[in-house]
Every structure is written in structure tokens, then in C-alpha cells.
Amino acid sequence: MSSFLNTKPAASAAEERIIQLHRQFEHPAANMPNTKTVHVPHLGGIDAAYQMPTPYDASKPTMVLVNSFNTSSELYKSQFASGKLTEKMNLIAIELLGHGQTRTEAEHFTYWDTAIMNIQVLEKLGMCGDGKKVFVLGTSQGGWITVRMALIAPDRASRPPYFWSQRHQPTRISGIVPLGTSMDYESERTRKLGCWDAPTGLTPTINACTTNSATPDFEPGDDYCNFLIDTGFGKDCADEARRYWINEIKANYRGDEGRRRLRMAAINLKERDGLHSRLFDVRCPVLWLHGTSDVVYSVENAREEIALFVNSPDAKLKVIENGQHFLSFSHPKEVDEALLDFVGRYEK
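Residues in the sequence shown are numbered from 1 upward in steps of one, following full-length UniProt numbering.
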């Protein structure tokens, strides 16, 4: 996987925001998380971290943003900075279990747990139910979480809310936008279609994080951080953006607690369940965006899998030329325009 290549520099709007964030590390007192937390009951209690660029407006539809492996809600700063998006919809990035500032006492969790947590966050914040339109965008691992959320909270009144309250109507996901993702487990089928070799790539990380001994000095190494950046943002990622994400990854997964979260996040990615047989039950619109320069999951795989959404009223794949794995970062203009069109068609 060291041979993975990315061919297009990251978009300037995203880089400018990351440069601003990177400079926070030069002034530690100012380096405070941009997230808020809300407590939800799943897994015995989760402090779920989320970020919103504007106050919630109940008259607008909501777009949930789910970040990729070992990143945070900062992945979507370009979208937060888009006046066109925030004028049209509420944006809320919720950080996955094992990621960002989200914390739980539970040692083990899966992507299904994050999907349930996300629904509970929306319900706790009063952002869903009662006819409110909720859409979900997710990058890489966030992509298969969009599907899990659609399965847990389908666009029909068929189940009680996860965060039970007499005033709530059931949560319904009205549409999903997976970016640079896969609906399979990390299978030989996907590798034959040009997707990455997850077992080879992730097993050393899992092994390095697996120990009975306390590790107060644990910190992800530069090679690990650079591998994540090269595969997600591209080898041509701007230097300041690269330094920001190296600092972010190291800070987030530092110490014994960080090592345990990193281990579980990597296990989830390597050993997750596939969704092929469940895609029959997705009945909301699906817009899959995928870049031609994605070195983790291939366009060929996306073309095969979009056809599995047989009961979606509108399942489309849009291929973005030169788009990187973290497509909302490399091509924010194309992603933002696609979101505006998608939500505009299905918000009523």
C-alpha cells in the first residue's frame, strides 16, 4: 500500500481552513476543540461530540456529516464555511465512537453502535422526528454508517425513537450521500476490483495497540500519520495541512486511553460486517460520490455496489474526476453542489 498514488492537490478552500487550524498548535491556549458534547444512553452512556457551524433552524432540512477513519469533524470545515450550504440546510458533524472527542466507558463498539448513537444525538437535540427531513453524508467508513443509519431509521413510521420521548415522532433518514466508500466487508472481491488490502494494512496497527500493559507514553508515529494522510488527502497534500493532521492524530490517540480507542477503531475497519444482503432494505434516495483518484476503494467497486440498492427510489453514482478518497476535502465545490441538488430534490 505504500505504492498508492494520488494525483491532484487538495482544494485551496479546505487547505486555507486547515492552515488556520494548524496555527492553533503554535498557541496551545487557543487550541480548544470546536465541538460540543451531548450525553446519549447507548452502550450505557456516550458523550457524543458534534460540531455545527450555525445554530439549528427547524425550518431547514438537516445534513449529518460522518467523518473518515482517524479524522474528526474538522474534515468538513470546507462545508461549514460554505454559505450556500448553511443557508439551505443545517449541518452537524457527529464524531464516531473511537474518534474525535466522542467518549464512552464501553471498551468494545462497532459501526452499528455509532449509527445508533448518531440517531440518539439527533433525537436528543430535537433535530429529527415530527416530519423533519434528515439526510446523512459519510466519507469512507462514514459511507457505510449512512447505510446503517438508513436501515435503523428508515423513511417510514415503523419504529419508536431510540431516545424515547412522548413528544417525538420516529426518526426518519430521508436520503444518504456516501463518499469514497464500500458496502462490502474487506473482501477478496473488493481487492480484485482494485480496493486496498485492509488486513495487510491494519494488522500491524492492531498488533501494536494490543497489550496488557499500560502505555502512558503511546503516540501514533509519523509513518502511520503520513500513511493516513497520503491515502486520504493525497500525497500532494499541502505541508501545513499535513502538519495539522499529524498533530491532530497524535494528540487524539495519545496515551493509554488513546491507544485503546485507536485499536478498536482499527479492528472495526478491518473486521466489519458487509452490507450487501441488507441493501435491499434501503428505501431512501442514494447519491454515491466517488473520486477517480481514490486509492482505498475503487470506482469499479462503487459501480457494482450502487446497483444493489434495488429498492431505493433513486440510487445514482456520480464519479468525480481526480477526486481523492476524502472527496469533500479535495473537491468541496463538486460535493457542495451535489448536496444542494440532492437535498433540494428530496427535502419536501
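Cβ coordinates follow ideal geometry from the N, Cα and C atoms, glycine included.
Per-residue burial, residue i [other beta carbons within 10 Å of its own, 16 or more giving buried]
i: SER277; result: exposed
i: TYR56; result: exposed
i: PHE80; result: buried
i: PRO170; result: buried
i: ARG345; result: exposed
i: LYS77; result: buried
i: PRO220; result: buried
i: PRO61; result: buried
i: THR102; result: buried
i: THR211; result: exposed
i: PHE280; result: exposed
i: HIS108; result: exposed
i: residue 356; result: Since the first residue of the chain shown is 1 and the last is 348, residue 356 is not available in this structure.
i: SER82; result: buried
Under 8 angstroms between C-beta atoms of residue i and residue j
i: LYS133; j: GLU271; result: no
i: ILE145; j: ALA106; result: no
i: VAL319; j: VAL299; result: yes
i: GLY138; j: PRO178; result: yes
i: PHE227; j: PHE326; result: no
i: ALA150; j: ILE94; result: no
i: LEU193; j: ASN301; result: yes
i: VAL335; j: THR231; result: no
i: VAL64; j: ASN118; result: yes
i: PHE69; j: SER182; result: no
i: GLY45; j: THR104; result: yes
i: HIS99; j: SER72; result: yes
i: THR205; j: ALA266; result: yes
i: LEU308; j: LEU202; result: no
Residues sharing a beta bridge with residue i, DSSP
i: LYS36; result: TYR50
i: GLY175; result: PHE135
i: ASN90; result: THR62
i: TRP245; result: Per DSSP, none; premise fails for TRP245.
i: LEU287; result: LYS316
i: THR104; result: ILE46
Neighbourhood of residue i by C-beta distance below 6 angstroms, restricted to the same chain and skipping five residues each side
i: TRP164; result: Residue placement at TRP164 is flagged as unreliable, the pLDDT there being 43, under the threshold of 50; a coordinate-derived value is accordingly withheld.
i: CYS209; result: ARG259, LEU262 and ARG263
i: residue 355; result: The structure shown does not extend to residue 355, since the chain is modelled only from 1 through 348, so no value can be given for it.
i: GLN324; result: ASN6, GLY234, GLY291, SER293 and SER330
i: ILE92; result: TYR50, MET52 and VAL64
i: LEU75; result: ASN67
Cβ shell of residue i (< 8 angstroms), same chain only, five flanking positions each side left out
i: PRO313; result: ARG283, CYS284 and PRO285
i: LEU340; result: LYS84, LEU85 and LYS88
i: PRO216; result: GLY255 and ASP256
i: ALA338; result: VAL177, LEU287, LEU289 and LYS318
Residue range of the unbroken beta strand (DSSP E) whose run includes residue i
i: VAL319; result: 315–320
Residue span of the alpha helix (DSSP H) that contains residue i, given as start and end
i: CYS195; result: First-last for CYS195: undefined, no H or E at that position.
i: TYR111; result: 111–124
i: GLY221; result: Note, GLY221: premise wrong, no alpha helix (DSSP H); not H, not E.
i: ALA302; result: 299–306
i: ASP341; result: 332–346
i: GLN143; result: It is worth fixing the name first, because residue 143 is Gly in this sequence and not Gln. It spans 141–152 - the alpha helix (DSSP H) in which GLY143 sits, taken as one unbroken run.
i: ALA81; result: It is not in any alpha helix (DSSP H) - ALA81 carries neither H nor E in the DSSP assignment.
Residues of its chain near residue i, where Cβ-Cβ distance is below 7 angstroms and the 5 sequence neighbours each way are ignored
i: TRP112; result: ARG148
i: ASP223; result: none
i: VAL121; result: VAL38, VAL40, ALA48, TYR50 and ILE94
The ligand COA heavy atom lying under 7 angstroms from the CB of residue i
i: ASP236; result: The ligand content of the structure shown is nil, which means the ligand COA is not present either.
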